[in-house]
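S.K.: Submitted below is the structure of interest, expressed as structure tokens.
Residue numbers (my numbering), protein chains in the order written: chain D, 1 to 130; chain V, 131 to 531; chain C, 532 to 777.
What follows is the structure in structure tokens.
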């Protein structure tokens, strides 16, 4: 709870600071996306704002209730958002889940446990939309 | 009789000592910090802990500090709950020292967690079947109570509540130390633990260890401050020494009773045999560390007369403290090193997980530094507190105003 | 918030969940762009079924002392490194035992026994260790703080602590340093109707997996025809994994 509060505040501060320094320039980074792999779960604007809520809700459902292959499955994000270069969502600073968080000063520990690489998923033909 | 007042330590003359204490504490804290960041970065793999011994040296230190923290409060309790006025001047130091030890112990426990960053989770998710969850409340509750207790000692408007507050602290910490003992008492699966006697045993141990550390700190402060500082002396000193003897004897008694009742249960006979005879380092720690140095030696020192009484008391207190660490090491590490016995009636011929074998453990630098860091926290809190707040009693007559 | 209470009191849990989702729906409708809350509140029925109780029979009389296929299968399936140090995890291990009276030797694998009254769950301060509705004992590693009290509490040495940072985890089996873990009965497989990896790979059919509540299952039928041992029966933990031949 408090972590998110702090994160939210930092996001605000970072945005404010960026706005002050560079005037109207920049804004949050626009990560590379691959629409040819299929559409996201929702509009980009909503995903940007809500993805962590979805993920945290889903992990409860999956871990406690055994919900499998859900829409918000972590590996689906990984498969669809992995960069073609690193095959990962969190290997390089330009990878999907990294840039925004660095910008917003959010610390996300998910990849201590969740595999950010889609290499194995691709090998099983599970990349992209299912 | 000279009037006793609480006073800060005499600042000008004794600054050198203060800064030496601060530097010592800072070194310990830096060491603990380095260890913590190493653990964050490399995981607990760099410690000597393993799948067999998951609680290691940090836990020995943390539990010592927490158990002693509870016992230290006896000084204040004797003054306010049992109405022994002569201990009253020492009550503030006793409460402050308790707070310092508690914070030191808890910081080691928290920093040793696999996920120290999830402290907020620990504070918001509770499983009330778990002794640990209860301890979160017991520890934070004690801290709050101690602060309140200190307030009743200083604020004239609050002195009326002093006895009530003192009783609350007294009862609370009885529960707290029982709770610490029951962390192990409820571990039914392991032969070394799982006994209701752990609660009173830890209480007795806390009385002895807390009294000893109080005598050491009080004497240290008396030397630091030199003349004018009320050192325990004369009648009060010999009474304090006799109390130490009683507490040490009670602790030894409970440990022996615990082991005896344990041996009566068939399954645990072998464990008791392990601790007292075949456990190698653990048996040595038991006989020489706990029984010899930690119990018999201080009993001799405290019960017999002659020589420098102050010095003898100091020796006894040091010996009790060494005995405390010996006991906790053999209790916590030895209890885990002794193999689990899930296969009744069978012996293990081979195992992919070292079943049936006594596990080995030797602490490595990260966990030692982390543990010492907890000592550093306590040292820092005590030194600063004593220096900036009037925690110690001073004879008004001698100091003048 | 309080996972354990929810887990223990199922009816309450469901009530609260629906209440919460109404609230979430309202809040969502009020504050969030339409569409998103629909995702957030879909409270799908999971594979965990309260009518089932997953269990296993380890038939030591069929276990080959020279075979460790179950162990290898487990490590491969769950992306566990090959254990070399005392600080490496073993969700499953082979043990060879000799009966003290007769001298008879047996070999068998041992893993988490998924107790009905798991001591690891009882001691877990945050409720991270929980028993799923279908009896599988798991660690919710999103709220595990790494205190290792569960490792201390398990009488079977079936709980592990992850000491070294993990890089090679499989996508299906997230795991990482600083948390407790143990055999999951391959929940990610059984929820999709597959057998646990060790059971599937055993060449001698020494491992039988099934629903203890289903009288027609092979597991229950076997359990009725043989005498199965319960390890540390004195503790009355009622494990779901039973053993034959020890």
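A virtual CB, placed ideally from N, CA and C, is assigned to each residue, including glycine. Note that the structure is predicted; figures quoted are calculated from it, not measured.
Touch check for the region 432-450 of chain V and the region 308-323 of chain V: three-plus C-beta pairs under 8 Å?
M.R.: no
S.K.: Label residue 210 of chain V either buried or exposed according to how many other C-beta atoms from any shown protein chain fall within 10 Å of its C-beta, with 16 as the threshold for buried.
M.R.: Taking the second chain and counting its residues from 1, the one referred to as residue 210 of chain V is at position 80. Buried: at least 16 other Cβ atoms inside 10 Å.
S.K.: How about residue 276 of chain V and residue 240 of chain V: do their beta carbons lie closer than 8 Å?
M.R.: Indexing the second chain from 1 puts residue 276 of chain V at position 146. Indexing the second chain from 1 puts residue 240 of chain V at position 110. In this structure, residue 276 of chain V lies away from residue 240 of chain V, with their beta-carbon atoms at least 8 Å apart.
S.K.: Hey, is the region 451-467 of chain V in contact with the region 595-605 of chain C, meaning 3+ C-beta pairs nearer than 8 Å?
M.R.: No contact exists between the region 451-467 of chain V and the region 595-605 of chain C.
S.K.: Would you decide whether residue 317 of chain V is buried or exposed? Buried here means 16 or more other CB atoms lie within 10 Å of its CB.
M.R.: The residue you call residue 317 of chain V lines up with position 187 of the second chain. Buried, because 16 or more other Cβ atoms sit within 10 Å of the Cβ of residue 317 of chain V.
S.K.: In the structure shown, what three-state DSSP assignment does residue 344 of chain V receive?
M.R.: Numbered from its first residue, the second chain carries residue 344 of chain V at position 214. Note: residue 344 of chain V maps to helix in three-state DSSP.
S.K.: Run down chain D in chain order and give the residues with a C-beta less than 9 Å from the C-beta of residue 669 of chain C.
M.R.: Here residue 669 of chain C is taken as the residue at index 138 of the third chain, counted from 1. Those are 63, 64, listed as they occur along chain D.
S.K.: So, is the C-beta of residue 80 of chain D closer than 8 Å to a C-beta in chain C?
M.R.: Translated into the one-based positions of the first chain, residue 80 of chain D becomes position 80. So no, residue 80 of chain D is outside the interface.
S.K.: Taking C-beta pairs closer than 8 Å, name the residues in chain V that residue 709 of chain C reaches, listed in chain order.
M.R.: Mapped onto the third chain, residue 709 of chain C falls at position 178. Under the 8 Å cutoff, chain V gives 173, 174, 243, 244, 245.
S.K.: Does residue 21 of chain D pass the burial test, meaning 16 or more other C-beta atoms within 10 Å, or should it be called exposed?
M.R.: Position 21 of the first chain, counted from the start, is the residue given in the question as residue 21 of chain D. Unreliable positioning characterises residue 21 of chain D in this predicted model, as indicated by a pLDDT of 42, which lies under 50. A coordinate reading is not provided.
S.K.: Verify whether the separation of the beta carbon atoms of residue 512 of chain V and residue 230 of chain V is less than 8 Å.
M.R.: As a first step, residue 512 of chain V must be located in the second chain, where it is residue number 382. As a first step, residue 230 of chain V must be located in the second chain, where it is residue number 100. The answer is yes: Cβ separation under 8 Å.
S.K.: Pull out every residue of the region 99-126 of chain D whose Cβ sits closer than 7 Å to any Cβ of chain C, in chain order.
M.R.: Within the region 99-126 of chain D, the residues whose Cβ lies closer than 7 Å to any Cβ of chain C are, in chain order, 112, 113, 114, 115, 120, 121.
S.K.: What residue range does the alpha helix (DSSP H) around residue 313 of chain V cover?
M.R.: By 1-based counting over the second chain, the position of residue 313 of chain V is 183. That run of the alpha helix (DSSP H) goes 292-315.
S.K.: Alpha carbons only, please: which of V:522, V:521, V:505, V:520 is nearest the one belonging to residue 151 of chain V?
M.R.: For this step, residue 151 of chain V is matched to residue 21 along the second chain. Of the listed residues, the one whose Cα sits closest to residue 151 of chain V is V:505.
S.K.: Quick check on this structure: which residue in V:439, V:497, V:519, V:221 has the alpha carbon closest to the alpha carbon of residue 192 of chain V?
M.R.: Locating residue 192 of chain V in the second chain gives position 62, where the first residue counts as 1. When only C-alpha atoms are compared, the closest one is V:497.
S.K.: Have a look at the DSSP bridge pairing and note the partners of residue 759 of chain C.
M.R.: If you number the third chain from 1, residue 759 of chain C lands on position 228. DSSP output for residue 759 of chain C lists C:775 as bridge partner(s).
S.K.: Over what stretch of residues does the beta strand (DSSP E) that includes residue 477 of chain V continue unbroken?
M.R.: Position 347 of the second chain holds residue 477 of chain V. Per DSSP, residue 477 of chain V belongs to the beta strand (DSSP E) from 476-481.
S.K.: Report back the beta-carbon spacing between residue 164 of chain V and residue 510 of chain V to the nearest angstrom; my notes put them in contact at under 8 Å.
M.R.: In the second chain, counting from the first residue as 1, residue 164 of chain V sits at position 34. In the second chain, counting from the first residue as 1, residue 510 of chain V sits at position 380. Not quite, the Cβ-Cβ distance comes to about 17 Å (not below 8 Å), so this is no contact.
S.K.: Please name the residue, chosen from V:418, V:283, V:162, V:314, that lies closest to residue 224 of chain V on a Cα-to-Cα basis.
M.R.: Taking the first residue of the second chain as 1, we reach residue 224 of chain V at position 94. Comparing Cα-Cα distances from residue 224 of chain V to each of V:418, V:283, V:162, V:314, the minimum goes to V:283.
S.K.: Measuring straight from C-alpha to C-alpha, what distance separates residue 664 of chain C and residue 608 of chain C?
M.R.: On the third chain, residue 664 of chain C is found 133 positions in, with the first residue counted as 1. On the third chain, residue 608 of chain C is found 77 positions in, with the first residue counted as 1. Approximately 24 Å between the Cα atoms of the pair.
S.K.: Name the chain V residues whose beta carbon is nearer than 8 Å to that of residue 722 of chain C?
M.R.: Against the third chain, residue 722 of chain C aligns to sequence position 191. Residues of chain V passing the Cβ test: none, with the nearest at roughly 24 Å.
S.K.: Of the residues D:29, D:34, D:30, D:28, which one's Cα is nearest the Cα of residue 82 of chain D?
M.R.: As a working mapping, residue 82 of chain D is identified with position 82 in the first chain. Measuring from the Cα of residue 82 of chain D, the nearest candidate turns out to be D:34.
S.K.: Any C-beta of chain C sitting closer than 8 Å to the C-beta of residue 299 of chain V?
M.R.: Within the second chain, the letter at position 169 stands for residue 299 of chain V. So no, residue 299 of chain V is outside the interface.
S.K.: Let me know the alpha helix (DSSP H) ranges lying completely inside the region 389-431 of chain V, each 4 residues or longer, listed in chain order.
M.R.: 396-403, 411-414
S.K.: For a test of the three-state rule: what should DSSP assign to residue 492 of chain V, helix, strand or coil?
M.R.: Here residue 492 of chain V refers to the residue found at position 362 when the second chain is read from its first residue. Here residue 492 of chain V sits in coil by DSSP.
S.K.: Measuring straight from C-alpha to C-alpha, what distance separates residue 418 of chain V and residue 346 of chain V?
M.R.: The residue labelled residue 418 of chain V in the question sits at position 288 within the second chain. The residue labelled residue 346 of chain V in the question sits at position 216 within the second chain. Approximately 22 Å between the Cα atoms of the pair.
S.K.: What is the DSSP secondary structure of residue 613 of chain C, counted as helix, strand or coil?
M.R.: Reading the third chain from its first residue, position 82 is the one you call residue 613 of chain C. Residue 613 of chain C falls in the coil class under three-state DSSP.
S.K.: Can you look up residue 498 of chain V in the DSSP assignment and give me helix, strand or coil?
M.R.: For the purposes of this step, residue 498 of chain V is taken as residue 368 along the second chain, with counting starting at 1. In this structure, residue 498 of chain V counts as helix in the three-state DSSP scheme.
S.K.: When Cβ atoms are compared, which residues of the region 668-697 of chain C fall closer than 7 Å to chain V?
M.R.: Listed by position, the residues of the region 668-697 of chain C near chain V (Cβ gap below 7 Å) are 674, 675, 676, 677, 678, 679, 680, 682, 683, 684, 685, 686, 687, 688, 691, 692, 694, 695, 696.
S.K.: Tell me which residues share the same chain as residue 376 of chain V and place their Cβ nearer than 8 Å to its Cβ, disregarding the 5 neighbours each side in the sequence.
M.R.: In the second chain, counting from the first residue as 1, residue 376 of chain V sits at position 246. Around residue 376 of chain V: no qualifying Cβ.
S.K.: State whether the region 362-373 of chain V contacts the region 465-472 of chain V, with contact taken as three or more CB pairs (one from each stretch) at a distance under 8 Å.
M.R.: no
S.K.: Are three or more beta carbon pairs between the region 678-686 of chain C and the region 736-753 of chain C nearer than 8 Å?
M.R.: Cβ pair count under 8 Å is below three, so no.
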